[in-house]
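Numbers 869 to 1085, taken from our numbering, label the letters of the sequence shown in order.
For glycine and all other residues, C-beta sits at the position ideal for the given N, C-alpha and C.
Bear in mind that the values here come from a model prediction, so they are computed numbers and not experimental data.
Read through the structure below, which is laid out as structure tokens, and then see the notes.
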Amino acid sequence: EGTTSYYHTNANGQTDWQQTINNDGSLTQIDHDQNNTESWSSRTDTVNSNGQLQSVAVINDNSSQDQLYLNANGNQPWREQNWHYDAQNRLDYVLTINNDSSMDWQDEDQDNSQTWTTINSHQTATGALDWRRYINDDGTEEWLDLDQDNTQQWSQQASYKNTFGQDQRRTVVWDNGNTDVMFLDGSFTDPIVQDVVNNYLWQQNTQHFDASGVYTG
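See below:
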């Protein structure tokens, strides 16, 4: 009720496409690759009442799936999201293109073939890597932060967090090439270092290296 459906069948009696139009003017169209000329077996498009494409769902020949969501109403901070699922319907990755043309990636180790479970990364509108996070199988995290717009006194920072989310090691590479490696006994809370785990007699141990990699204290 409130919908109208149309179907097209080829000469062999196979369904080519079907379209359902709702009473508000929005519609859903399913296209079948009945001649097996495409890399997918079916594609489902949804269009809103203004005639704007909202989503595309594709079932590929290898049984994997791709889902594209478009911010047709302009009410999201992103303009499109791409979701990919493997043949076992497990999430593989998500690509988000934001309104400012920056991008966010989420990569899942859905077949447990890596030492990490999830990688998240952010790229600027120019495609430069801004930051990356690894969530490892044991619950620890590794962060990489890059000063891609050269607004900081450092070029990159890398940190390692324990399973409680506390910083245990942080490496800072400065613009002059010098490097500081900080070993933290538990957690790092700006501006006070707290000895939470308290495995050592010290709260923070910082080692300095010059641009040639020579230890300077």
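Using a Cβ-Cβ distance cut-off of 8 Å, the region 892–899 and the region 909–917 are in contact, since at least three pairs of beta carbons, one from each stretch, lie closer than that value.
Closest in C-alpha terms to Asp968, from the list Ala993, Gln887, Asp960 and Leu959, comes Ala993. The beta carbon of His990 sits closer than 6 Å to those of Asp972, Asp998 and Trp999, all from its chain and outside the five residues before and after it, given in chain order. Counting only runs that start and end inside the region 926–998, the beta strand (DSSP E) elements of at least 3 residues fall at 933–938, 946–953, 959–966, 971–976 and 984–991.
Rounded to the nearest angstrom, the gap between the Cα atoms of Ser907 and Ser932 is 11 Å.
Its Cα nearest to that of Leu921, the residue Ala940 stands out among Ala940, Asn904, Ser1023 and Asn950. Contact between Asn890 and Gly870 holds: their C-beta atoms lie close to 6 Å from each other, under 8 Å.
Under DSSP, the beta-bridge partners assigned to Asn890 are Thr871. For the options Glu1009, Thr1039, Thr1031 and Gly1033, the alpha carbon positioned closest to that of Ser1023 is the one of Thr1039. When DSSP reads this structure, Ala1026 sits in a beta bridge with Leu1012 and Thr1039.
For Ser923, the pairing in a beta bridge is given by DSSP as Thr914 and Tyr937. In the structure shown, Phe1032 adopts coil according to DSSP, grouped into three states. Rounded to the nearest angstrom, the gap between the Cα atoms of Tyr937 and Asp1035 is 36 Å. Judged by DSSP in its simplified three-state form, Ser907 adopts coil rather than helix or strand.
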